[in-house]
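S.K.: Pasting a structure here, questions to come.
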Amino acid sequence: MTTPLTTRTEIMSILENRGYRATAPRRVIIELLEGKKEGFTAEEISNELPGVGRATVFRTVKLLLNAGVLCRLNMMDGAPRYSISSVEHHHHTICVKCGNVGEFRATNIENLMRALSEQIPGEIVGHRFEFYVNCETCLAN
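The following block contains the structure:
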């Protein structure tokens with residue numbers, strides 16, 4: 006597992022540098038997200054913060070995603086889950102039972118991407134690599 010991107014102060018700074026205000030609802034949402042150890046949905050965040058409007062939660066999640074603070078993960082059913090981003094480029098494991106999100110880095114994947122770039126016409130500008138797993142916790146239960 007890699008280190009989370011930043012503290013809530015740094016996340017607010019990232020948003021302010023992009024021209025967004027540090028509103029009270031954004032601070033509350035970011036404070037909650039800072040403590041998240043596993044993946045989450047915007048709906049789950051909204052349910053945990055009944056004092057913050059649902060639309061505000063969804064807009065803030067989108068804003069954080071666009072700022073690179075969150076990673077968007079697509080579950081096997083197509084529903085999005087999010088996790089706090091890491092500084093380094095990384096890939097994800099997603100537990101299909103509990104939704105726990107793990108991160109890993111693999112030079113093999115990066116080497117494969119370089120090799121594929123020679124065979125794929127055009128320029129590769131990004132990629133996503135996710136494993137859907139049964140996590141160790143779920144396997145133990």
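According to our numbering, the sequence shown is numbered sequentially starting from 6. C-beta atoms are modelled at their ideal positions from N, C-alpha and C, and glycine is treated no differently. On a predicted model such as this, the values are computed, not experimentally measured, just so you know.
1) Rounded to a whole number of angstroms, what is the C-alpha to C-alpha distance between M118 and S90?
2) Tell me which residue opens and which closes the beta strand (DSSP E) that N139 is part of.
3) How about E115 and H97: are their beta carbons less than 8 Å apart?
4) Sort G131, F136, N71, V101 by Cα distance to D82 and report the nearest one.
5) Which two residues bound the contiguous beta strand (DSSP E) that contains P85?
6) State the Cα-Cα distance for the pair L75 and A47, rounded to the nearest angstrom.
7) Terminal residues of the continuous alpha helix (DSSP H) containing L117?
8) So the candidates are S88, L121, Y137, H132; which of them puts its Cα closest to the Cα of E49?
9) Within the same chain, show all residues whose beta-carbon is closer than 7 Å to that of G73, passing over the 5 residues directly before and after it, in chain order.
10) Residue range of the beta strand (DSSP E) that L54 falls in?
11) Could you check whether N105 and G44 sit closer than 8 Å to each other, using their CB atoms as the reference points?
12) Got a sec? Which residues, its chain only, sit under 8 Å from E21 by beta carbon, not counting five neighbours each side?
13) Please classify V130: does DSSP put it in a helix, a strand, or coil?
14) From C103, V130, E135, P126, pick the residue whose C-alpha is nearest to that of A111; which is it?
M.R.: The answer reads as follows:
1) Their Cα atoms are separated by approximately 21 Å.
2) In this chain, N139 is not harboured by any beta strand (DSSP E), its DSSP state being neither H nor E.
3) Not a contact, by the Cβ cut-off of 8 Å.
4) With distances taken between Cα atoms, D82 lies closest to V101.
5) P85 -> beta strand (DSSP E) spans 85-89.
6) Take the alpha-carbon of L75 and the one of A47: they are about 11 Å apart.
7) 112-122 is the extent of the alpha helix (DSSP H) around L117.
8) It is S88 whose Cα lies nearest to the Cα of E49.
9) Sequence-distant partners of G73 (beyond 5 residues in either direction) whose C-beta falls short of 7 Å from its own C-beta, in its chain, are S90.
10) Going by DSSP, L54 is part of no beta strand (DSSP E) at all; its letter is neither H nor E.
11) Going by C-beta atoms, G44 is nearer than 8 Å to N105.
12) Cβ within range, chain order: A27.
13) In the structure shown, V130 sits in coil (DSSP, three-state: anything other than H, G, I, E or B).
14) Measuring from the Cα of A111, the nearest candidate turns out to be E135.
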